[in-house]
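S.K.:
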Amino acid sequence: MSYEAAYQLESLLAEGMRWRTALQRVIHEGYSDGSQACLKAIKQQVNQSPYAFPEIEQAVYRRSVR
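Under the working numbering, the very last position in the sequence shown is 68; numbers go up by exactly one each time.
What follows is the structure, encoded as structure tokens:
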């Protein structure tokens with residue numbers, strides 16, 4: 003489930019949505035329950051493949067992927 007949530011976050015951020023708004027929409031649409039464990043799983047998913055999620059990588063760590 004963390005991959006689907008990360009993919010949705012990436013899509014929403016790529017459309018220009020802000021981080022908090024995108025996260026709220028992902029929770030509202032049921033891709034995430036909003037718990038710390040779920041958000042940690044999403045972050046781990048992004049850490050495993052930062053090139054697949056460059057928008058999240060930049061939003062979370064405030065740096066760009068090379």
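Just so you know, even glycine gets a beta-carbon here, dropped at the ideal spot from N, CA and C. Bear in mind the structure is a predicted one, so any value in this text is a computation, not a measurement.
Is Gln10 near the ligand FAD, in the sense that its beta carbon is under 7 Å from a heavy atom of that ligand?
M.R.: The ligand FAD is absent from the structure shown, which contains no ligand whatsoever.
S.K.: Roughly how many angstroms separate the alpha carbons of Ala8 and Phe55, rounded to a whole number?
M.R.: Computed Cα separation, rounded: 8 Å.
S.K.: Contact between the stretch 13-20 and the stretch 30-40 is defined here as three or more beta-carbon pairs at a separation below 8 Å; is this criterion met?
M.R.: Short answer: they don't touch.
S.K.: Go through its chain and collect everything with a Cβ distance to Ala24's Cβ below 7 Å, but skip five positions before and after it.
M.R.: Leu11, Leu14, Leu15, listed in sequence order.
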